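The next block holds one structure in the form of structure tokens; read it before the comments.
Number of protein chains: 2
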Amino acid sequence: MGRRNDHTREEIREAAIQAAQLCIQQDGIQGINARHIAQDIGYAVGTLYQLFKNMDLLILAVNLRTLKALEQHVLAACNSTLSAQENMQQMALAYVDFALHNTPSWQAVFAHQLKDEQDMPQAYQEQRLRLFTLVEQQFKAAFPDMDAQQVSLETRALWAGIHGICSLTLSHKLHDNEMTLNDIAHTLIAHFLQPESNQQGEKS
Amino acid sequence: MGRRNDHTREEIREAAIQAAQLCIQQDGIQGINARHIAQDIGYAVGTLYQLFKNMDLLILAVNLRTLKALEQHVLAACNSTLSAQENMQQMALAYVDFALHNTPSWQAVFAHQLKDEQDMPQAYQEQRLRLFTLVEQQFKAAFPDMDAQQVSLETRALWAGIHGICSLTLSHKLHDNEMTLNDIAHTLIAHFLQPESNQQGEKS
DNA sequence: AATAAAACAGAACATCGTTCATAAAGTCAA
DNA sequence: TTGACTTTATGAACGATGTTCTGTTTTATT
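Here the protein sequences come in this chain order: A and B.
The numbering of the first sequence is the working numbering, which starts it at 1 and goes up by one.
The numbering of the second sequence is the working numbering, which starts it at 1 and goes up by one.
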């Protein structure tokens, strides 16, 4: 068959991304497969490769959406009536909540690694940075007296810490059932955010 | 060719594991490939499959060694002349050091996930538990007054946190160069181990 | 209508994990 | 030593996968 034109280029691309998204949600990142997705959207494999240079970039497109959804989820946890510290805590817990309720998609974001590091889309890098900056700014607001370098370190330690807890818990590597994910996260957060003693970090 | 018998079953198995280990160290977990390893050890592909049910189990054998090496590295950081808190800190830093200097092997341990979760070798589970228990006991020694449940939470939060910092930093997802991995880890540790104020964790 | 360009299909190729029938070499009793 | 049996090793072959490529059909252009 030749040219059909019953769908826009953009429509097919959209359908492919959604099909891939569904695959990941159901069977994880391993469930994605060019032929399967092509069949799902009613087009041939070759057509898929005119929309995405390779499967990695399709996965990346899905992951970009996951990152955006994650950002929305974290943003929604913020509330201007709360203190910066409380907001910070809510954001961290929102991250945990997202990972817990969108596990395969969330895992895909971090499990997937490109063969060629160079063709990582700009938009993807930016999206990750945007989410992180959001957190960093909230942290800065929570500790206005802390110098920038220290804020940078604290934010990374806390955020990566939360990430690690989700990562190990959800892949069953912390010798624990998933019920305690929240408890562990609370434990970590408590060390960083203490409403009373706003300890200023002195570098060693 | 038929039976050769110039190597023991165990010798070939050993050679395969070492070849796979080298592959991972050089090209990461994606570099492993049945034909390549078979050629490396001078045997055919079929022979490999008489020693390992599948490639996953070969990778697992390599990862088991990595876990053992990691345990040794963490153990070596302990020193009976130091306080439990100092030992705890040294162990965490040893983990970071190991991840930093054995990045591909370390990443392989956590990136790899079995298709069939059921055939995870007992020894592998036990090795992971052994390492974690080591940390937990040291933590308990550092905070003798803390109740068991709290120790459990604190240890998991700290250890998973350290893991997350390594994971994100080494996969370049923290918007930072690797130089600051240690600084970030120190920041996290400082929140858990404060020689002065041994804050007792009250559950909320 | 003729030509060019774009869209699409699906066969084809390379690479991978895995299986399998077969051959060679060893073992051991008669 | 011979012959039957077992063990070990092979590599061709199968199926699944990512990716490429050629050809065909449709649309756009002149």
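Positions of the beta carbon are idealized from the N, C-alpha and C atoms, including for glycine.
The structure presented is a predicted model; accordingly, all values stated were derived computationally and were not measured.
Would you please verify whether the beta carbon of residue 113 of chain A is less than 8 angstroms from any beta carbon of chain B? yes
With three or more C-beta pairs closer than 8 angstroms as the rule, is the stretch 102 to 110 of chain B touching the stretch 60 to 78 of chain B? yes
Could you work out which residues of chain A lie near residue 183 of chain B, taking near to mean beta carbons separated by less than 7 angstroms? 153
Taking a contact to mean a Cβ-Cβ separation below 8 angstroms, would you say residue 161 of chain A touches residue 188 of chain B in this structure? yes
Quick check: the stretch 19 to 32 of chain A against the stretch 77 to 86 of chain A, are there 3 or more CB pairs under 8 angstroms? The stretch 19 to 32 of chain A is not in contact with the stretch 77 to 86 of chain A.
Interface partners of residue 173 of chain B on chain A, CB under 8 angstroms: For residue 173 of chain B, the C-beta contacts it makes with chain A under 8 angstroms involve 110 and 128, in order along the chain.
For residue 147 of chain B, report the span of its alpha helix (DSSP H) as first-last. For residue 147 of chain B, there is no enclosing alpha helix (DSSP H), since its DSSP letter is neither H nor E.
Closest residue to residue 136 of chain A among A:154, A:127, A:121 and A:125 (Cα-Cα distance): A:154
To the nearest angstrom, how far is the alpha carbon of residue 164 of chain B from that of residue 5 of chain B? 46 angstroms
Using 10 angstroms around the beta-carbon of residue 96 of chain A, count the other beta-carbons present and answer buried if the total reaches 16, otherwise exposed. buried
Segments of 3+ residues assigned as beta strand (DSSP E) that fall wholly inside the stretch 67 to 131 of chain A: none
In chain B, which residues lie with their C-beta within 9 angstroms of the C-beta of residue 165 of chain A? 156, 157, 160, 161, 163 and 164
8 angstroms is my cut-off, CB to CB: does residue 207 of chain A come that close to chain B? As shown, chain A starts at 1 and ends at 204. That puts residue 207 of chain A outside it, with no answer to give.
Can you name the residues of chain B whose CB is closer than 7 angstroms to the CB of residue 192 of chain A? Those within 7 angstroms of residue 192 of chain A in chain B are 191.
Which residues in the same chain have their Cβ closer than 8 angstroms to the Cβ of residue 90 of chain B, if we skip the five residues on either side of it in sequence? Correct list, in chain order: 77, 78, 79 and 82.
Name the residue from B:132, B:114, B:171 and B:115 whose alpha carbon lies nearest to the alpha carbon of residue 125 of chain A. B:171
I think residue 148 of chain B touches residue 193 of chain B, with their Cβ atoms under 8 angstroms apart; what is that distance to the nearest whole Å? At roughly 19 angstroms, the Cβ-Cβ gap does not stay under 8 angstroms, so residue 148 of chain B and residue 193 of chain B are not in contact.
Contacting residues, own chain, Cβ-Cβ under 6 angstroms from residue 184 of chain A (five flanking each side not counted): 165
If we cut at 8 angstroms on Cβ distances, does residue 139 of chain B have a partner in chain A? no
Since residue 94 of chain A and residue 74 of chain A are thought to touch, with beta carbons under 8 angstroms apart, how far apart are those beta carbons, to the nearest angstrom? 5 angstroms
What residues in its chain sit with their C-beta under 6 angstroms from that of residue 13 of chain A, if we drop five residues either side in the sequence? Within the same chain, and ignoring the five residues on either side of residue 13 of chain A in sequence, the residues whose Cβ sits closer than 6 angstroms to its Cβ are 51.
Distance between residue 9 of chain B and residue 42 of chain B (C-alpha atoms, nearest Å): Each residue's Cα considered, the two are about 14 angstroms apart.
For residue 196 of chain A and chain B, any beta-carbon pair shorter than 8 angstroms? Caution is warranted here: a pLDDT of 49 is assigned to residue 196 of chain A, below 50, making its placement in the model unreliable, and no coordinate value can be reported.
Spatial neighbours of residue 132 of chain B in its chain, beta-carbon cut-off 8 angstroms, leaving aside the 5 residues before and after: 155 and 159
Between residue 121 of chain A and the rest of its own chain, which residues show a CB-CB distance below 8 angstroms, the 5 nearest in sequence each way excluded? 57, 60 and 64
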